[in-house]
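Protein chains in written order, with this note's numbering: chain A, 26 to 327; chain B, 26 to 327. Backbone N, C-alpha and C fix where the C-beta goes; we use that ideal spot for every residue, glycine too.
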């Protein structure tokens with residue numbers, strides 16, 4: 026197992042201008058693991074309730090994901106409901122039923138503790154620290170977080186930040202974490218907090234990579250039909266981490282390719298509700314879109 | 026003379042979170058011509074009032090810009106005042122004194138009529154048509170327009186669109202012109218209106234080029250200090266058209282380089298008020314930032 030993924034798993038009920046999806050499979054650990062499964066062997070740590078349908082477990086298993094760390098707890102599965110604005114650039118949360126996610130304490134199966142790459146999805150920083158205490162000498166640890174923890178548990182979050190190599194945040198979170206409007210200056214402040222590699226996601230406006238004084242920009246792929254943006258960020262992280270897990274090389278160009286693989290997987294994810302589009306994706310589709318990304322930005326000086 | 030530029034010239038009084046600039050040199054024709062002057066010989070068609078300071082004319086002349094087409098009309102020079110929002114993504118117009126610009130009717134000096142490249146800045150479509158009637162067999166004609174003409178004079182605008190090769194618009198204008206929210210579908214509709222080459226500017230989020238079914242994306246350069254975004258779009262057009270005028274090659278890769286030169290010039294323009302930063306820019310600065318743009322987006326598949 027090359028990549029350990031820790032995060033939420035549950036049901037999403039989502040309304041967008043394109044329709045509605047009821048209690049579909051979702052959650053950070055699902056989007057991230059499924060995306061990464063195209064590149065590498067993933068082990069998932071997450072918790073579901075007793076109502077979690079066997080068909081979902083079976084699907085994840087078919088994707089080659091190690092589910093030894095998937096706990097079934099008494100109670101119902103996490104369920105989130107949201108409605109996107111007409112332009113899809115914002116959304117309102119309609120409900121959040123934490124259910125068994127409330128009692129989730131990530132305990133790693135022994136076979137997971139030697140994972141070389143670790144992705145800590147957006148959960149309580151205390152739980153992220155708890156995971157890091159269990160893994161032995163990982164080569165690369167990535168963290169996702171959000172405004173809720175930046176505001177609510179800043180000290181714990183800073184403690185985790187010192188222990189990770191990569192931080193995934195969106196532009197607003199980066200500004201809030203650094204207390205700095207300008208993203209370049211924000212990235213420099215975040216470097217001093219611990220992470221060597223900072224990925225700032227800007228949704229439909231692409232993503233920025235900051236590493237060793239270097240900046241790389243990956244555009245979002247121009248799509249004709251964005252159906253449901255839910256999980257795009259976690260899918261991005263899955264493509265990014267999955268590619269690095271298989272390449273085992275973390276130099277500048279590999280990190281740049283990871284940005285493009287992340288963008289590639291995310292571009293597919295948003296073309297349908299839930300993880301529908303990722304169910305049937307072929308390796309060929311990924312290679313073709315990666316090549317389309319190259320055509321989108323490459324030029325030679327004349 | 027390789028590039029004919031038609032548009033406004035005047036004074037801008039601008040407030041941004043970084044300060045205030047009073048009655049500074051501005052206008053489409055100025056930003057565009059000065060940017061293009063780094064690449065090629067530009068001829069400007071515009072009108073000023075009798076109050077226009079000789080120092081501005083002298084500066085434009087020093088940039089090698091042909092001012093045979095600069096008319097001095099009785100009255101005061103165009104003067105625009107605006108205030109940017111704290112995040113600089115929006116602005117309010119405080120006043121627009123059209124003054125002599127009201128009576129501007131672009132009449133081309135004979136020496137301009139054989140210009141191979143033409144940039145029609147954002148003026149009344151009737152005047153844009155009037156310019157096109159005077160030029161003989163140009164190789165490449167570019168047009169800029171805005172919501173005011175899209176709403177106010179749609180038929181005249183459609184007539185001009187049939188006669189141009191390149192359209193420069195921002196994302197909102199593209200959506201409005203095409204009556205289509207999605208930019209890919211909007212570009213396809215605009216192709217059918219005439220322009221073969223469509224450049225959709227997205228401000229701090231970069232710019233898209235649509236040409237022969239192909240899409241190219243140029244990011245905006247990540248800057249630590251954006252002082253004044255006024256004129257960024259016209260500066261972009263100037264870098265774009267100036268580079269094409271000198272390369273005399275309009276194939277895919279040259280158009281892509283033109284996008285990057287446009288972005289390069291615009292990235293300098295916004296780093297200071299008015300055209301201050303463009304006054305002292307060296308060719309070396311342009312080449313260095315062009316190379317920085319390459320580093321920003323280039324990667325090799327591993």
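- Residue 296 of chain A is positioned such that its CB atom lies closer than 8 angstroms to that of residue 302 of chain A.
- Rounded to whole angstroms, the gap between the alpha carbons of residue 114 of chain B and residue 41 of chain B is 11 angstroms.
- Take the alpha-carbon of residue 104 of chain B and the one of residue 65 of chain B: they are about 28 angstroms apart.
- Residues of the region 268–293 of chain B with a C-beta less than 7 angstroms from any C-beta of chain A: 272, 278, 279, 281, 282 and 285, listed in chain order.
- Think of a sphere of 9 angstroms around the beta carbon of residue 309 of chain B: no beta carbon from chain A falls inside it, the nearest being about 15 angstroms out.
- The contact set of residue 325 of chain A on chain B, defined by CB atoms closer than 7 angstroms, consists of 278 in chain order.
- Of the candidates A/130, A/97, A/256 and A/191, the residue whose Cα lies closest to the Cα of residue 275 of chain A is A/191.
- When only Cα atoms are considered, residue 209 of chain B and residue 216 of chain B end up about 11 angstroms apart.
- Judged by DSSP in its simplified three-state form, residue 109 of chain B adopts strand.
- Distance from the Cα of residue 186 of chain B is smallest, within the candidate group B/79, B/170 and B/206, for B/170.
- For residue 186 of chain B, there is no enclosing beta strand (DSSP E); the enclosing alpha helix (DSSP H) covers residues 179–186.
- For the region 220–233 of chain A, the beta-carbon criterion of a distance under 9 angstroms to any beta-carbon of chain B is satisfied by 227, 229, 230, 231 and 233.
- Here DSSP, grouped into helix, strand and coil, assigns residue 275 of chain A to coil.
- Within the model, the alpha-carbon separation for residue 150 of chain B versus residue 178 of chain B is close to 8 angstroms.
- The shortest C-alpha to C-alpha distance from residue 161 of chain A to any of A/168, A/135 and A/246 is the one to A/135.
- For residue 217 of chain A, the three-state secondary structure derived from DSSP is coil.
- For residue 322 of chain B, the chain A residues whose C-beta falls within less than 7 angstroms of its own C-beta are 242 and 322, listed in chain order.
- Straight-line spacing of the CA atoms in residue 324 of chain A and residue 284 of chain B works out to 10 angstroms.
- A residue is called buried when at least 16 other Cβ atoms come within 10 angstroms of its Cβ; residue 326 of chain A does not meet this threshold and is exposed.
- Against chain B, the beta carbon of residue 207 of chain A has neighbours under 7 angstroms at 249, listed in chain order.
- Straight across, the Cα-Cα distance linking residue 227 of chain A with residue 238 of chain B is about 26 angstroms.
- Burial of residue 91 of chain B is indicated by the presence of at least 16 other C-beta atoms within 10 angstroms of its C-beta.
- Contact note: residue 77 of chain B does not reach chain A at a C-beta cutoff of 8 angstroms; the least C-beta distance is about 36 angstroms.
- Take residue 163 of chain A, set aside five residues on each side of it, and the residues of its chain with a beta-carbon closer than 7 angstroms to its own are 140, 141, 142 and 143, in chain order.
- For residue 195 of chain B, the pairing in a beta bridge is given by DSSP as B/226.
- Secondary structure in the region 36–69 of chain A: the beta strand (DSSP E) runs of 3 residues or longer, each lying completely within the stretch, are 44–51 in chain order.
- Residue 122 of chain A: member of the beta strand (DSSP E) spanning 116–122, first to last residue.
- One finds 249 in chain B with Cβ atoms closer than 9 angstroms to the Cβ of residue 210 of chain A, taken in chain order.
- If you compare the alpha carbons of B/266, B/298 and B/286 with that of residue 58 of chain B, the shortest gap goes to B/266.
- For residue 82 of chain B, the secondary structure class from DSSP, reduced to helix, strand or coil, is helix.
- Under the Cβ criterion (8 angstroms, minimum of three pairs), the region 48–58 of chain B counts as touching the region 33–40 of chain B.
- Ranked by Cα distance from residue 244 of chain A, the first of A/321, A/87 and A/145 is A/321.
- The closest CA to that of residue 290 of chain B, considering only B/273, B/246, B/277 and B/271, is found on B/246.
- Inclusion of residue 224 of chain A and residue 193 of chain A in the CB contact set at 8 angstroms is warranted, their separation being smaller than that value.
- Secondary-structure assignment with DSSP links residue 236 of chain B through a beta bridge to B/222 and B/239.
- Going by C-alpha positions, residue 214 of chain B is about 44 angstroms away from residue 122 of chain A.
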